[in-house]
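Chains A and B are the protein sequences, given in the same order. With this note's numbering, the residue at position 109 of the first sequence is 109, and numbering never jumps. Count along the second sequence from 1, then add 1000; that gives the number in this note's numbering.
Protein chains: 2
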Amino acid sequence: LAVIGGGAWGTALAIVACRAGAIPVLWARDPDVASSINERHENPIFLPDVGLDPEITATTDLDAAMVGAEAALLAVPAQFLRAVIERLGPYLRPGIPILQCAKGIETGSLKTMSEVAREIIPSTPSAVLSGPTFAAEVARDLPTAVTIASRDASLGRSFMVALGSGRFRPYLSDDPIGAEIGGAVKNVLAIACGVVCGRGLGDNARAALITRGLAEMVRLGLAKGARAETFRGLSGLGDLVLTCNAAQSRNYALGLALGRGESPSSVLQGRRSVVEGVATSAAVTRLAARLTIEMPISTMVDALLHRDASIDVVIDMLLSRPYRNE
Amino acid sequence: LAVIGGGAWGTALAIVACRAGAIPVLWARDPDVASSINERHENPIFLPDVGLDPEITATTDLDAAMVGAEAALLAVPAQFLRAVIERLGPYLRPGIPILQCAKGIETGSLKTMSEVAREIIPSTPSAVLSGPTFAAEVARDLPTAVTIASRDASLGRSFMVALGSGRFRPYLSDDPIGAEIGGAVKNVLAIACGVVCGRGLGDNARAALITRGLAEMVRLGLAKGARAETFRGLSGLGDLVLTCNAAQSRNYALGLALGRGESPSSVLQGRRSVVEGVATSAAVTRLAARLTIEMPISTMVDALLHRDASIDVVIDMLLSRPYRNE
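Structure below.
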């Protein structure tokens, strides 16, 4: 099994695969990450305080990562996926499937991760892994449930078997686009939740925001051909709830700082990890406009991050929307 | 407007009604509560640190509460509702509607609050108010959104107008049974969430529990004739998210204590407020059995609270359920 991406999530997925009996090879862009994993069996930059099984090895060479691999798990940040797939393509033997593990929408093309892959490697079988998964908890073997979604049920099942274990429970879905929209939009909504909390607006307001946020996530999903019920599942509601309630979430933490009055640039400065919701808020807002659907919360986040809007103004706008049916 | 119930929620609803322009009279069982409200304009037992508008008055006399009232808001604990409605019935003039504001299922009859009312006062028009509402936040005028659900759309709209204000936003629904099932089951799931957190199982596990909990809430709702999409709304997901994430929730706090090893009786001893999920877990479990649907999480909570089950055993049972589709 090749795991493409040496961040927290790629490393945690390698641990999961190893527990389930696979021998994972991890591709990392950063030579320091690869050598830490190979020599000290740890990834202190992205997943500190976790010891790795020595069966997990790493390389900075895509060719080496793919030799003998029966599948590739893609866990690179959304905005880098295209470049990685373009490099990966030549090493993907026919029939070797990919599992999309990153969450986001590409800002240039407004495509989901699977749509980006389909454009570049259209004949590669593909599934999506999503759901409420803080990498640090997965690495520590705390109980976690995920969605594995594919139009090809037997491919979904084979990833379920390859990754599932007592404390890492995959549930199957046949709606990959729904899983992807949920995973992308939740990062944007988590920023909004952080803002509401940082501003001291209370738990009722946060719960209402999560609920109305899910409603706009569903609207985008339906416009993209997803099924509404997917958003009640782990990749929709589950991931949304996780990301909107924990300071562990980079997106929520960003919102919290904004709500307390810090500027976006001061918060983001010097971060090594990508805060996916920042780019995705712009992509989602443009996508909503293109599909002519209303996404007031995501639009608010985009305005805060990219158009210098004031927090109090956007909150007042949200609270003064007309009454409506749910 | 008569508000029946002098607890935290009844008092907060009186504040909401007053802000929206009504003159609420609150009925309280406890003479100390009524005299505090009338003389000192506060309810220190159930809603401390909140000053009440002097327009809000209280009485222990149901007849006096209902004189001239154009509607009655019912905010008494679920297991006391039957007795209160039986006493209230004679004072309800024909056509005066009720708004159900309590959440729970009666343990004896396994009926929702509206079903109990329909049995006793079948010709009284009725609506349901539900959603993510910590009373203390509503009282402080923090932004809150709720569902008002009625089969009679014009009744729903009139309650929306009577209660809605800038920071208390009602959304309309035509699925009262869905709203009630959501409000009842979420208290049970909040106890389960508290257990998972008290046990240190992490945020991934809590998010998975909330998601799978929503799935069993939907199963019960569908069996009772509700619509699945109602559970994506404020009275379903919204209230569930609120109750499962905040130590303010009595139900979550109970679960947290259980998860840390305290016994149910030691936690509940000496409480003045009712922890709705305790009785409702038993009612929901019996209702699920009667309707032959699976509700493993609610059943686990019932087993912990009422059948001396061990926490580790029930958690292992949840984690060892067979893999399935979402």
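The beta carbon of each residue, even a glycine, is placed where N, CA and C say it ideally should be. Here the structure is a predicted model, which means the values were calculated and not measured.
Alpha-carbon spacing of residue i relative to residue j, whole angstroms
{"i": "E137/A", "j": "L256/A", "result": "22 Å"}
{"i": "I1311/B", "j": "E229/A", "result": "31 Å"}
{"i": "E1035/B", "j": "A1058/B", "result": "Inspection of the sequence shows that residue 1035/B is occupied by Ser rather than by Glu. Approximately 7 Å, taken between the alpha carbons."}
{"i": "N1038/B", "j": "A1028/B", "result": "11 Å"}
{"i": "S1165/B", "j": "A205/A", "result": "14 Å"}
{"i": "S1235/B", "j": "R1260/B", "result": "29 Å"}
{"i": "A1282/B", "j": "V1050/B", "result": "34 Å"}
{"i": "R199/A", "j": "F1231/B", "result": "28 Å"}
{"i": "A1153/B", "j": "R307/A", "result": "40 Å"}
{"i": "V1284/B", "j": "D1203/B", "result": "25 Å"}
{"i": "D175/A", "j": "A208/A", "result": "26 Å"}
{"i": "V1241/B", "j": "W1009/B", "result": "18 Å"}
{"i": "T112/A", "j": "R87/A", "result": "18 Å"}
{"i": "A289/A", "j": "P296/A", "result": "11 Å"}
{"i": "A69/A", "j": "L1237/B", "result": "41 Å"}
{"i": "V274/A", "j": "G1233/B", "result": "31 Å"}
{"i": "L1099/B", "j": "G1183/B", "result": "14 Å"}
{"i": "D1302/B", "j": "E106/A", "result": "46 Å"}
{"i": "L1319/B", "j": "S266/A", "result": "42 Å"}
{"i": "A20/A", "j": "P48/A", "result": "22 Å"}
{"i": "R1082/B", "j": "N1251/B", "result": "22 Å"}
{"i": "A168/A", "j": "R157/A", "result": "Sequence inspection shows Phe at residue 168/A; the Ala mentioned does not correspond to that position. Using only the alpha carbons, I get a separation of about 14 Å."}
Sequence-distant residues of the same chain with beta carbon closer than 7 Å to residue i, five excluded per side
{"i": "V76/A", "result": "I4, G5, V84, A102"}
{"i": "T1133/B", "result": "T1144, V1146"}
{"i": "L18/A", "result": "The question names Leu, but residue 18/A in the sequence shown is Cys. Excluding residues within five positions, the ones whose Cβ falls inside 7 Å are P24, D53, E55, I56."}
{"i": "I293/A", "result": "R219, L220, A223"}
{"i": "V1185/B", "result": "M1217, L1220, V1284, S1298"}
{"i": "E42/A", "result": "S36, V50, G51, L52"}
{"i": "R1227/B", "result": "D1175, G1178"}
{"i": "C197/A", "result": "R206, L256, G259"}
Contact belief for residue i with residue j at Cβ below 8 Å, rounded distance in angstroms
{"i": "V1188/B", "j": "S1298/B", "result": "5 Å"}
{"i": "A12/A", "j": "A139/A", "result": "5 Å"}
{"i": "S1150/B", "j": "V1128/B", "result": "7 Å"}
{"i": "I120/A", "j": "L92/A", "result": "That belief does not hold up - the Cβ atoms of I120/A and L92/A are roughly 10 Å apart, past 8 Å."}
{"i": "G1194/B", "j": "A1135/B", "result": "Going by Cβ atoms, the distance from G1194/B to A1135/B rounds to 19 Å, so no, they are not a contact pair."}
{"i": "I191/A", "j": "G225/A", "result": "The Cβ separation is near 26 Å, so there is no contact."}
Other residues of its chain near residue i: CB distance less than 8 Å, five sequence neighbours each side excluded
{"i": "P1044/B", "result": "S1036"}
{"i": "M1160/B", "result": "I1148, P1170, L1172"}
{"i": "L963/B", "result": "Residue 963/B lies beyond the residue range present for chain B, which begins at 1001 and ends at 1326; the question has no answer from this structure."}
Interface flag, residue i vs chain B, CB-CB below 8 Å
{"i": "T11/A", "result": "no"}
{"i": "V16/A", "result": "no"}
{"i": "S273/A", "result": "no"}
{"i": "A75/A", "result": "no"}
{"i": "S173/A", "result": "yes"}
{"i": "F46/A", "result": "no"}
{"i": "M160/A", "result": "yes"}
{"i": "E326/A", "result": "yes"}
Exposure label - residue i; buried when at least 16 CB within 10 Å
{"i": "A170/A", "result": "The residue you asked about is not Ala; residue 170/A is Pro in the sequence shown. So P170/A counts as buried."}
{"i": "V1313/B", "result": "exposed"}
{"i": "N1325/B", "result": "exposed"}
{"i": "Q1269/B", "result": "exposed"}
{"i": "D1061/B", "result": "exposed"}
{"i": "R1040/B", "result": "exposed"}
{"i": "G1089/B", "result": "exposed"}
{"i": "G1131/B", "result": "buried"}
{"i": "V67/A", "result": "exposed"}
{"i": "R1271/B", "result": "exposed"}
{"i": "N95/A", "result": "This sequence places Gly at residue 95/A; Asn is not what is there. Classification of G95/A: exposed, given that the 10 Å Cβ count is below 16."}
Cβ of residue i within 8 Å of any chain A Cβ
{"i": "G1233/B", "result": "yes"}
{"i": "P1296/B", "result": "no"}
{"i": "I1210/B", "result": "yes"}
{"i": "R1087/B", "result": "no"}
{"i": "G1238/B", "result": "yes"}
{"i": "Q1248/B", "result": "yes"}
{"i": "R1169/B", "result": "yes"}
Beta-carbon contacts of residue i that lie in its chain and below 6 Å, excluding the five residues immediately before and after
{"i": "I15/A", "result": "A139"}
Residue-chain proximity (residue i, chain E), Cβ-Cβ < 8 Å
{"i": "F80/A", "result": "The structure shown contains no chain E; its protein chains are A and B."}
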